[in-house]
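2 protein chains.
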Amino acid sequence: MRQVAIVGAAMTKFGVSEKTNLEMFAEAGLEAIARSNLEPRDMEALFFGNCLGDFEEGQLHMASFAHAELGLPVSAPATRFESACATATVATRHAALLVGAGVYDVVIAGGTERATKMGTPLATRTFAMASQAQHESSAGITFPGVFAMATHLYAHKYGIPLKDLKRHMAGVAVKNHYHGSMNPKAHFQKKIDIDMVLGGMMVADPLQLFDCCPFSDGAAAVVVANAGKAKDLIKNPIYIAGMGQASNGPLYLQKDLTRVRAREASIAQAYKEAGIGPDDLDVIELHDCFTIAEILALESFGVYDFGKAYDAATKGETALNGARVVVNPSGGLKAKGHPIGATGAAQITEIVEQLRGESGPRQVEGACIGLVDTLGGDLGTVCNIILTNRAN
Amino acid sequence: MRQVAIVGAAMTKFGVSEKTNLEMFAEAGLEAIARSNLEPRDMEALFFGNCLGDFEEGQLHMASFAHAELGLPVSAPATRFESACATATVATRHAALLVGAGVYDVVIAGGTERATKMGTPLATRTFAMASQAQHESSAGITFPGVFAMATHLYAHKYGIPLKDLKRHMAGVAVKNHYHGSMNPKAHFQKKIDIDMVLGGMMVADPLQLFDCCPFSDGAAAVVVANAGKAKDLIKNPIYIAGMGQASNGPLYLQKDLTRVRAREASIAQAYKEAGIGPDDLDVIELHDCFTIAEILALESFGVYDFGKAYDAATKGETALNGARVVVNPSGGLKAKGHPIGATGAAQITEIVEQLRGESGPRQVEGACIGLVDTLGGDLGTVCNIILTNRAN
Numbered sequence: 014m015r016q017v018a019i020v021g022a023a024m025t026k027f028g029v030s031e032k033t034n035l036e037m038f039a040e041a042g043l044e045a046i047a048r049s050n051l052e053p054r055d056m057e058a059l060f061f062g063n064c065l066g067d068f069e070e071g072q073l074h075m076a077s078f079a080h081a082e083l084g085l086p087v088s089a090p091a092t093r094f095e096s097a098c099a100t101a102t103v104a105t106r107h108a109a110l111l112v113g114a115g116v117y118d119v120v121i122a123g124g125t126e127r128a129t130k131m132g133t134p135l136a137t138r139t140f141a142m143a144s145q146a147q148h149e150s151s152a153g154i155t156f157p158g159v160f161a162m163a164t165h166l167y168a169h170k171y172g173i174p175l176k177d178l179k180r181h182m183a184g185v186a187v188k189n190h191y192h193g194s195m196n197p198k199a200h201f202q203k204k205i206d207i208d209m210v211l212g213g214m215m216v217a218d219p220l221q222l223f224d225c226c227p228f229s230d231g232a233a234a235v236v237v238a239n240a241g242k243a244k245d246l247i248k249n250p251i252y253i254a255g256m257g258q259a260s261n262g263p264l265y266l267q268k269d270l271t272r273v274r275a276r277e278a279s280i281a282q283a284y285k286e287a288g289i290g291p292d293d294l295d296v297i298e299l300h301d302c303f304t305i306a307e308i309l310a311l312e313s314f315g316v317y318d319f320g321k322a323y324d325a326a327t328k329g330e331t332a333l334n335g336a337r338v339v340v341n342p343s344g345g346l347k348a349k350g351h352p353i354g355a356t357g358a359a360q361i362t363e364i365v366e367q368l369r370g371e372s373g374p375r376q377v378e379g380a381c382i383g384l385v386d387t388l389g390g391d392l393g394t395v396c397n398i399i400l401t402n403r404a405n
Numbered sequence: 014m015r016q017v018a019i020v021g022a023a024m025t026k027f028g029v030s031e032k033t034n035l036e037m038f039a040e041a042g043l044e045a046i047a048r049s050n051l052e053p054r055d056m057e058a059l060f061f062g063n064c065l066g067d068f069e070e071g072q073l074h075m076a077s078f079a080h081a082e083l084g085l086p087v088s089a090p091a092t093r094f095e096s097a098c099a100t101a102t103v104a105t106r107h108a109a110l111l112v113g114a115g116v117y118d119v120v121i122a123g124g125t126e127r128a129t130k131m132g133t134p135l136a137t138r139t140f141a142m143a144s145q146a147q148h149e150s151s152a153g154i155t156f157p158g159v160f161a162m163a164t165h166l167y168a169h170k171y172g173i174p175l176k177d178l179k180r181h182m183a184g185v186a187v188k189n190h191y192h193g194s195m196n197p198k199a200h201f202q203k204k205i206d207i208d209m210v211l212g213g214m215m216v217a218d219p220l221q222l223f224d225c226c227p228f229s230d231g232a233a234a235v236v237v238a239n240a241g242k243a244k245d246l247i248k249n250p251i252y253i254a255g256m257g258q259a260s261n262g263p264l265y266l267q268k269d270l271t272r273v274r275a276r277e278a279s280i281a282q283a284y285k286e287a288g289i290g291p292d293d294l295d296v297i298e299l300h301d302c303f304t305i306a307e308i309l310a311l312e313s314f315g316v317y318d319f320g321k322a323y324d325a326a327t328k329g330e331t332a333l334n335g336a337r338v339v340v341n342p343s344g345g346l347k348a349k350g351h352p353i354g355a356t357g358a359a360q361i362t363e364i365v366e367q368l369r370g371e372s373g374p375r376q377v378e379g380a381c382i383g384l385v386d387t388l389g390g391d392l393g394t395v396c397n398i399i400l401t402n403r404a405n
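Residue numbers (the numbering used here), protein chains in the order written: chain A, 14 to 405; chain B, 14 to 405.
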């Protein structure tokens, strides 16, 4: 396989938008192409992510219309991917695999979502379609419920009083909102404090409002090229060092809600391909859909032992200028926002900018290796991409 | 790229089923794996197609649950593809590309759909979501309408009286239902005659009931392996000679409804890769969603000149034992049925069985090279796969 690089990456502001999915994707996609010093006609394929365009806008088959909005050639195929919240990461992984294989030299990948447009009464039911319909969502399971159960199990398994665990989880929210306050693209750009988190309304006991990420509108896109060509296009390609993707759909196959089996399989693939381990990571954008989710992810990565990541944020180890590794400098899903089908490409965009030293006040000094982590459904899909600013 | 083969292929009976999408896919998938002399644990990835599981069953993120139904390993990622009616062909193409690239040795691809479960009042509106929502479906365009317009344009452009053209289109329906009468997996297994077609109720002038394919429930799956391994598994691998995929989403970019631009780009890719031309084809499974669609496709392939395929069926040139090339021996979408996200994998299954000489009474004698053609949306996506029973 050839070495593969990201040459351009861009995202819209995340938040509440009146634009359509296609308008948002065109904004991010055309900017990613321009930042690559390329034209739409140079794209050889589109790997496009969207989850709920049919429910949002009555739009299925959206990849072919995104292709038209970007003005791509007819011979460049557009393909839609859907892996729940991991959608855009999975789309980008397939783009990178086919560039690595030599099928294509330059392709565009990304995703878009209008997640604020679902209508409140039906929103949770709509999003819960990403859990198993026959056995889970029909029984009333929603995503806040799954992560609430994981929180109780974590407290019980490791003997941490729930009240203490909740305070440490609040630390994750405070950290990510602090990071988001420095990100002009973030949905929420206000700092919060632990008392605000602990005073929030109850969503699914013990998860309160600020334990939960918002749903957002937005789009993000990246241009993927073979490394040889990348160096001719721009001065600072960001290379893909390793990737992983794994599946473990229904909760009845999960065994232990505090350990996401698909993540353990995915990160193992990515570490092996990259030839690195958890100690080599400088910056991580991970799937903090709920505060507990950040804690579980850091343990799956091996950055912390199991049962040991719960107080990482309150100890300041995962904040900007933290002692260990900077986690979610963009603000994460918690503060940057979560337009489902776009999230993975926005995580990649953040890591690309961090590894280029372009992140301004939230720059992780000297960052060389970054990890992207996206979780789909109630633990069913995980996709990881490790990026570096150093060529092989 | 390594040579790639189909080692196992299977489909459920198409028609009206009370099974879920996952149950149908498990039936086809496990049979395809068994026919490959493999076990589920041998699969390294799942390339899964489904279009409307969220509308049908409240099920998004279906690939990860199909993965569980088949009992695949956690490390084998499951990815959902959606390209409207071309969904399963696109999923299989990506599977084959990644096996060809050496990323995987053995993967399973396919799709499933419960298309009879949409509810009649909303069914046409639901399926029309695959056309452009902002400019097309909102203006009342549905798929029968698009192909009705194409029929009028074809008659006008080539100076064929509409009455004559309709009789020849009826010949396509009669031929495909005749083929379907020999296919125990077909949705419709009864022969019809031209008077029945011309006496059918009007759907979208000039298309009558028998000019239109049904929507069906069903699933189909294929196991894709590298050619070296394929020969160790089974005695009769079917090789992928060439593939194509192209996009031209909205109708406003179509220019001429009688010439599907995405198909012309896709088939050119496939012919080039296979090193063959239209005269080399022995058998074709093409996207006859409407009778006119078969005529247009044969012209895009170069099997007939533009304006010359309209009477191919009535002249007997495309029927079993026809003089030119056998088209849709399975019965096609017209008679075999059209479970949207499964259709492409069922077309591949038919060609695989034809090239193995396993098609019984509808066997195309001496068939060596077969073409699969699937169209997504109102002309927005086309994917082609050329198969052969001869190794390189």
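Just so you know, even glycine gets a beta-carbon here, dropped at the ideal spot from N, CA and C.
Interface with chain A (8 Å Cβ-Cβ cutoff): Asp301 of chain B is excluded. Every alpha helix (DSSP H) of 4 residues or more that sits fully in the region 128 to 187 of chain B is shown, in chain order, as 133 to 140, 156 to 170.
Neighbourhood of Met131 of chain A in chain B, by CB distance below 9 Å: empty, with the nearest CB roughly 12 Å away. Close partners of Cys64 of chain B in chain A (Cβ separation under 7 Å): Leu73. Contact note: Phe68 of chain B reaches chain A through Asp67, using a C-beta cutoff of 7 Å and chain order. Pairing Asp230 of chain B with Ala128 of chain B, the inter-Cα distance amounts to about 5 Å.
Within the region 179 to 232 of chain B, the runs of alpha helix (DSSP H) at least 4 residues long that lie entirely inside it are, in chain order, 207 to 211. For the C-beta of Ala146 of chain A, the chain B residues within less than 7 Å are, from N- to C-terminus, Glu70, Gly71, Gln72. DSSP lists A:Asn397 as the bridge partner or partners of Asp386 of chain A.
Per DSSP, Arg48 of chain A is one residue of the alpha helix (DSSP H) stretching across 34 to 48. The Cβ neighbour count for Leu135 of chain B, taken over all protein chains shown within 10 Å, is under 16; the residue is labelled exposed. Between the alpha carbons of Ala358 of chain B and Ala238 of chain B lies a distance of about 15 Å.
With a threshold of 16 other beta carbon atoms within 10 Å, Met14 of chain B falls short and is exposed.
Exposure of Asn405 of chain B is indicated by the presence of fewer than 16 other C-beta atoms within 10 angstroms of its C-beta. The beta-carbon of Pro157 of chain B is placed no less than 8 Å from the nearest beta-carbon of chain A.
With 16 or more other Cβ atoms inside 10 Å of its own Cβ, Asp386 of chain A counts as buried. As a beta-bridge residue in DSSP terms, Thr125 of chain B pairs with B:Ala232. Remark: three or more beta-carbon pairs, one from each stretch, lie closer than 8 Å, so the region 260 to 277 of chain A and the region 305 to 323 of chain A are flagged as touching. Neighbours of Met142 of chain A in chain B, taken as residues at a C-beta separation under 8 Å, are given in chain order as Asp67, Gly71, Gln72, Leu73, His74. The beta carbon of Phe94 of chain A sits closer than 8 Å to some beta carbon of chain B. Counting along the chain, the unbroken alpha helix (DSSP H) around Gln367 of chain A starts and ends at 356 to 368. Between the alpha carbons of Val216 of chain B and Ile154 of chain B lies a distance of about 13 Å. Contact annotation: Val365 of chain B and Pro342 of chain B have beta-carbon atoms that are not nearer than 8 Å. Sequence-distant partners of Pro263 of chain A (beyond 5 residues in either direction) whose C-beta falls short of 6 Å from its own C-beta, in its chain, are Gln145.
Rounded to whole angstroms, the gap between the alpha carbons of Gln282 of chain B and Gly257 of chain B is 5 Å.
Gly389 of chain B and Ser194 of chain B have their C-alpha atoms some 26 Å from each other.
When secondary structure is reduced to three states using DSSP, Arg272 of chain A falls in the coil class, being assigned neither helix nor strand. Take the alpha-carbon of Ala108 of chain B and the one of Met142 of chain B: they are about 26 Å apart.
Among the bridge pairs identified by DSSP, Ala18 of chain B is matched with B:Ala238, B:Tyr252. In this structure Ser151 of chain A is exposed. Its beta-carbon is surrounded by fewer than 16 other beta-carbon atoms within 10 angstroms. Counting other Cβ atoms within 10 Å of its Cβ, Pro374 of chain B stays below 16 and is therefore classed as exposed.
In this structure, the straight-line span from the alpha carbon of Gly354 of chain B to that of Val103 of chain B is close to 10 Å. Chain order gives the chain A residues near Val103 of chain B as Thr92, where near means a beta carbon separation below 7 Å.
Beta-carbon to beta-carbon, Tyr191 of chain B and Ala332 of chain B are separated by about 7 Å, close enough to satisfy the 8 Å threshold. If you draw a straight line from the Cα of Lys176 of chain B to the Cα of Cys225 of chain B, it comes to about 17 Å. Gly66 of chain A sits in a helix when the DSSP states are folded into three classes.
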